[in-house]
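A.B. asks: Sharing a structure with you now.
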């Protein structure tokens with residue numbers, strides 16, 4: 001089932017895929033059966049096209065935009081100390097990034 005692009009119709013997704021030059025490869029009967037059993041395809045499906053993960057990410061990004069993780073503040077720093085039952089010890093202290 002499509003949850004990530006559920007706001008978009010099959011035709012919108014298909015047309016965007018074609019516009020981006022992303023081609024589908026027909027899956028084998030064995031692959032189709034695996035997808036059916038996993039619940040990714042309806043039992044009534046007779047065929048399925050597949051694209052690479054990279055192409056799927058590119059297609060999704062074209063609909064959803066770039067959801068980059070937030071940037072850390074320039075003065076972000078942290079310290080860590082570790083000591084465990086096996087005798088390992090360690091510490092780490094970061095310093096804020098100094099942009100020149």
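In UniProt numbering, the protein residues as written are 1 to 100.
C-beta atoms are modelled at their ideal positions from N, C-alpha and C, and glycine is treated no differently.
#1: Could you compute how far the alpha carbon of residue 30 sits from the alpha carbon of residue 44?
#2: Who are residue 25's beta bridge partners in DSSP?
#3: Excluding five sequence neighbours on each side, which residues of the same chain lie with their C-beta closer than 8 angstroms to the C-beta of residue 49?
#4: Which of the three DSSP states, helix, strand or coil, is assigned to residue 1?
#5: Does the distance between the C-beta of residue 34 and the nearest non-hydrogen atom of the ligand FAD fall short of 6 angstroms?
#6: Between the region 2-19 and the region 51-64, do three or more beta carbon pairs fall short of 8 angstroms?
#7: What is the residue span of the beta strand (DSSP E) that residue 80 lies within?
#8: Between residue 32 and residue 47, which are expected to be in contact by the criterion C-beta below 8 angstroms, what is the C-beta distance as a whole number of angstroms?
#9: Roughly how many whole angstroms lie between the Cα atoms of residue 52 and residue 40?
C.D. replies: According to the structure data:
#1: Reading the chain shown from its first residue, position 30 is the one you call residue 30. Reading the chain shown from its first residue, position 44 is the one you call residue 44. Near 15 angstroms, if we compare the C-alpha coordinates of residue 44 and residue 30.
#2: To locate residue 25, count along the chain shown from 1; it is residue 25. Its beta-bridge partners are 50.
#3: Mapped onto the chain shown, residue 49 falls at position 49. Apart from sequence neighbours up to five positions away, the residues of its chain that approach residue 49 with a beta-carbon distance below 8 angstroms are 24, 25, 26 and 27, ordered along the chain.
#4: As a first step, residue 1 is located in the chain shown; it is residue number 1 there, counting from the start. Unreliable positioning characterises residue 1 in this predicted model, as indicated by a pLDDT of 44, which lies under 50. The coordinate reading is nonetheless provided below. Note: residue 1 maps to coil in three-state DSSP.
#5: With respect to the ligand FAD, the structure shown offers nothing to examine, as it has no ligands at all.
#6: Yes, the region 2-19 touches the region 51-64.
#7: Working through the chain shown from its first residue, we reach residue 80 at position 80. Residue range 79-83 is occupied by the beta strand (DSSP E) that includes residue 80.
#8: Along the chain shown, one-based indexing puts residue 32 at 32. Along the chain shown, one-based indexing puts residue 47 at 47. Contact flag correct, Cβ pair sits at about 7 angstroms.
#9: For the purposes of this step, residue 52 is identified with residue 52 of the chain shown, where counting begins at 1. For the purposes of this step, residue 40 is identified with residue 40 of the chain shown, where counting begins at 1. Straight-line Cα distance between these residues: approximately 16 angstroms.
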